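Protein chains in written order, with this note's numbering: chain L, 1 to 98; chain H, 1001 to 1162; chain F, 2001 to 2124. Below is one structure, written out as C-alpha cells, with a few remarks after it.
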Amino acid sequence: MARFLGFLTILAVGAVLVYGGMGLPAFGDPNAPAAVHVSDQYLEHGYHDTHTPNIVTVMIADYRSFDTLGETIVVFTAGLACFLLLRAERRREEEDAE
Amino acid sequence: MIRPKDSIIVEVVARFMVPFIQIFAFYVIFHGHYSPGGGFQGGALLAGSVLLQRVVFGKRGSQSGFATRFGIPFGVIGILIYAGTGFLAQAGGGNFLQYDHLPFGLSPVYLRNVGILLVEIGVAFAVMGTLISIYDDLVGLKKRGEGESMHSAGPERGRDAG
Amino acid sequence: MLADKWPYFATVLMLLIGLYGMVVKRNLVKKLIGMNIFQSAIILFFIVYAWKDAGTVPVHDAALGDDPSRYINPIPHGLMLTAIVVSVATTGVALALLSLIYKRFGTLEEDELLRELRTDRERG
C-alpha cells in the first residue's frame, strides 16, 4: 500500500513537471527571457572591464563574487559539521577508554 | 582494499602520479582566466591527489603527505584569503570586494584581473581542505579488532525494497 | 510542440528516477543515492537551459567580438559550479549521519529503524 502511494506520488510529480515544461521556451532559443537581459551585459562588457577572456569566471568571481563567498562558507560549514559529528565523538570515546 | 604490501606496481605508480596531478591542478586554477576551470575544479583536483595517497598507502602511511589535522585549518585559510581580498579592497577606499581599489598600483582593469586570481586561490584552498577533512572523518570510524566493524553486520538482511 | 523541447523532458525523466529512489526504496543508502541522482538532474536542467543556437563556449574570442548572440548564456554555468561542490559536501555530511545511525542501531533499513525508535520512545 505504501509502495502504491509512492508510485502514485511519482506519477503525479511527473505529470506536473511535464505540464509545466510545456511552457518553457524552445531548446536553444536565443530570445529566451533568461538569455537576454543581464547575461547580454556580462557578455558585452565582461572582457573590457576585466581583461579576462573566461566570462564564467568573471561572472562568479567579479560581478557576483559576494555569492561565491557565501557558497565557499557553505562548503566549509558542511565540512565542519562532518568534523563535529564524527571526529569529536571519536576523541571523546578515546578519552573515556583511558 | 589494496594494502601497500600487496602490489608494488600500485605503490610505484601512485607515488609517480601525485606530483603530476598537483601540477595539473595548479594549471587548472591559474588558467581559469583563459579556459574553463577556476578555483572549484582546481581545489577538487588537489584534494584528489591527497586522497590517492590515502587510498594507496593507508591513513597512517600518508600523514607525511598531508596530515589529517591540517584539513580544517586549510579551509579556514582559504576563506580568510577570500575575505581578506575584500577587506583589502575596502582599505584601498572602495566597497567590500571592489577590486578596482586594491592598493597594488596597477590600472583598474588589471587590478580586477589580479583580484579574480586571488579570490580563486582562496576558493581552491577552501575546497581542498574541506574535501580532505570529510574523507578523513568518514574513514577510520572504528578501530579494527575492536569486535564489531562495518563489514561484520551479522546475518544478511536479504530484504530488498526494490 | 513537445518535440522541440525534448532535452528538458529527458531531464525530467532523470529527476523521476531519483525521486523513485528516494521514495520507494527502504534502505537509507539507496535513498541517499536517489538524492544524488535528483541533484544531478537539476544541474543538468540548468546546463541544458543555457544553450543558444549557433553559440559557442563563453570565452571571449577576438574573431567573434562582443556579439552576445554568438556565445552561450554563462549565468547557469556559474550557478551550477558551486552547486556541484555543495552536493559533494552535503553527501559527505549525510554519510557521516548514516555512520552514526549504524553505530547506534546496527541497521540501515528504514522499517527496522522505525521499530527501534518506537520501542525506545515507549520505554521512555
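All C-beta atoms, glycine included, are put in the ideal place defined by N, C-alpha and C. Just so we're clear, the structure is a prediction, and the values are computed from it rather than from any experiment.
Between the Cα of residue i and the Cα atoms of the options, which residue gives the shortest distance?
| i | options | result |
| --- | --- | --- |
| E1064 (chain H) | H:V1076, H:F1074, H:V1050 and H:G1075 | Note that residue 1064 (chain H) corresponds to Ser in the displayed sequence, not to Glu. With distances taken between Cα atoms, S1064 (chain H) lies closest to H:V1050. |
| E1949 (chain F) | F:F2009, F:D2004, F:K2005 and F:R2026 | Nothing about residue 1949 (chain F) can be read from this structure; chain F reaches only from 2001 to 2124. |
| R1112 (chain H) | H:D1136, H:I1081 and H:Q1098 | H:Q1098 |
| T68 (chain L) | F:A2089, F:R2123, F:L2097 and F:A2083 | F:A2083 |
| F986 (chain H) | H:R1015, H:E1120 and H:Q1041 | Residue 986 (chain H) falls outside the range modelled here, since chain H spans only 1001 to 1162, and no answer is possible. |
| L1117 (chain H) | H:T1130, H:G1129 and H:L1102 | H:L1102 |
| M22 (chain L) | F:D2004, F:L2032, F:L2113 and F:L2028 | F:D2004 |
| L2019 (chain F) | F:G2106, F:Q2039 and F:T2107 | F:Q2039 |
| S39 (chain L) | L:E71, L:R64, L:A97 and L:P25 | L:R64 |
| A1044 (chain H) | L:T9, L:F7 and L:V75 | L:V75 |
| P30 (chain L) | F:L2064, F:Y2071, F:L2113 and F:T2090 | F:Y2071 |
| V2023 (chain F) | L:A26, L:D96 and L:T9 | L:T9 |
| D99 (chain L) | F:I2037, F:D2066, F:G2021 and F:V2057 | Residue 99 (chain L) lies beyond the stretch modelled for chain L, which goes from 1 to 98, so this question has no answer here. |
| R2104 (chain F) | F:V2093, F:T2090, F:D2120 and F:G2092 | F:D2120 |
| V1010 (chain H) | H:T1085, H:G1129 and H:R1054 | H:R1054 |
| A2125 (chain F) | L:Y47, L:A26 and L:A97 | No answer is possible for residue 2125 (chain F): the residues shown for chain F start at 2001 and end at 2124. |
| G1078 (chain H) | L:C82, L:I73, L:N54 and L:A81 | L:I73 |
| L2079 (chain F) | F:T2056, F:Y2049 and F:A2094 | F:Y2049 |
Are the C-beta atoms of residue i and some chain H residue less than 9 Å apart?
| i | result |
| --- | --- |
| L2016 (chain F) | no |
| V2048 (chain F) | no |
| R92 (chain L) | no |
| A2054 (chain F) | no |
| I2084 (chain F) | yes |
| A2089 (chain F) | yes |
| S2099 (chain F) | yes |
| E12 (chain L) | Here the sequence assigns Ala to residue 12 (chain L), which means Glu is not the residue at that position. Closer than 9 Å: no. |
Use the C-beta contact count for residue i: other C-beta atoms within 10 angstroms, 16 or more gives buried, fewer gives exposed.
| i | result |
| --- | --- |
| P2076 (chain F) | buried |
| L2117 (chain F) | exposed |
| F2045 (chain F) | buried |
| I1008 (chain H) | exposed |
| V2029 (chain F) | exposed |
| E1120 (chain H) | buried |
| E93 (chain L) | exposed |
| V2059 (chain F) | buried |
| P33 (chain L) | exposed |
| D1136 (chain H) | buried |
| G1105 (chain H) | exposed |
| Y19 (chain L) | exposed |
Identify the contact partners of residue i in chain F, using a Cβ-Cβ distance below 7 Å as the criterion.
| i | result |
| --- | --- |
| I60 (chain L) | G2078 and L2081 |
Give me the chain L residues within the contact set of residue i, using Cβ-Cβ distance strictly less than 9 Å, ordered along the chain.
| i | result |
| --- | --- |
| P1036 (chain H) | N54, V56 and T57 |
Quick one: is residue i near chain L, going by C-beta distance under 9 Å?
| i | result |
| --- | --- |
| E1120 (chain H) | yes |
| L1097 (chain H) | yes |
| L1141 (chain H) | Note that L1141 (chain H) scores 48 on pLDDT, short of 50, meaning its location in the model is unreliable and no value can be drawn from it. |
| Y1027 (chain H) | no |
| R1060 (chain H) | no |
| V2024 (chain F) | yes |
| A1126 (chain H) | yes |
| F2009 (chain F) | yes |
| S2040 (chain F) | no |
| Y2020 (chain F) | yes |
Residues of chain H with CB under 8 Å from residue i, in chain order?
| i | result |
| --- | --- |
| I73 (chain L) | I1079 |
| T9 (chain L) | Neighbours of T9 (chain L) on chain H: none; closest Cβ ~16 Å, over 8 Å. |
| V2012 (chain F) | Residues of chain H passing the Cβ test: none, with the nearest at roughly 22 Å. |
| D49 (chain L) | V1109 and R1112 |
For residue i, would you say it is in contact with chain F, using Cβ-to-Cβ distances shorter than 9 Å as the test?
| i | result |
| --- | --- |
| R3 (chain L) | yes |
| A97 (chain L) | no |
| D29 (chain L) | yes |
| L1200 (chain H) | Outside the shown range of chain H, which is 1001 to 1162, sits residue 1200 (chain H), and nothing can be said about it. |
| F1040 (chain H) | yes |
Note down, in chain order, every chain L residue with its Cβ under 8 Å from the Cβ of residue i.
| i | result |
| --- | --- |
| I2075 (chain F) | A34, V38, S39, Y42 and M59 |
| H1033 (chain H) | T52, P53, N54 and T57 |
| L2114 (chain F) | Per Cβ cutoff of 8 Å: no residues; L2114 (chain F) is ~12 Å from chain L at best. |
| F2105 (chain F) | Those within 8 Å of F2105 (chain F) in chain L number zero; the least Cβ separation is about 15 Å. |
| S1083 (chain H) | Per the sequence shown, residue 1083 (chain H) should be read as Ala rather than Ser. Neighbours of A1083 (chain H) on chain L, chain order: L69. |
Applying a beta-carbon distance threshold of less than 8 Å, which residues of chain F neighbour residue i?
| i | result |
| --- | --- |
| I1021 (chain H) | In chain order: nothing, as chain F lies at least about 18 Å away. |
Name, please, each residue of chain F whose Cβ falls closer than 9 Å to the Cβ of residue i.
| i | result |
| --- | --- |
| L1138 (chain H) | G2092, L2095, A2096 and S2099 |
Could you list which residues in chain H have their beta carbon closer than 7 Å to that of residue i, in chain order?
| i | result |
| --- | --- |
| V2059 (chain F) | S1035 |
| R87 (chain L) | D1137 |
By the criterion of Cβ-Cβ separation under 9 Å, what are the contact partners of residue i in chain B?
| i | result |
| --- | --- |
| L1131 (chain H) | Among the protein chains of the structure shown, namely L, H and F, there is no chain B. |
_Contact the region 1061 to 1078 of chain H vs the region 1114 to 1132 of chain H: 3+ CB pairs below 8 Å_ = yes
*If you pair each beta-carbon of the region 6 to 17 of chain L with each one of the region 2038 to 2054 of chain F, do three or more pairs fall below 8 Å?*
no
*When the Cβ atoms of the region 54 to 63 of chain L are set against those of the region 2084 to 2091 of chain F, are three or more pairs found closer than 8 Å?*
no
*Flag this pair as touching only if the region 1016 to 1023 of chain H and the region 1032 to 1040 of chain H have three or more C-beta atom pairs under 8 Å; answer yes or no.*
no
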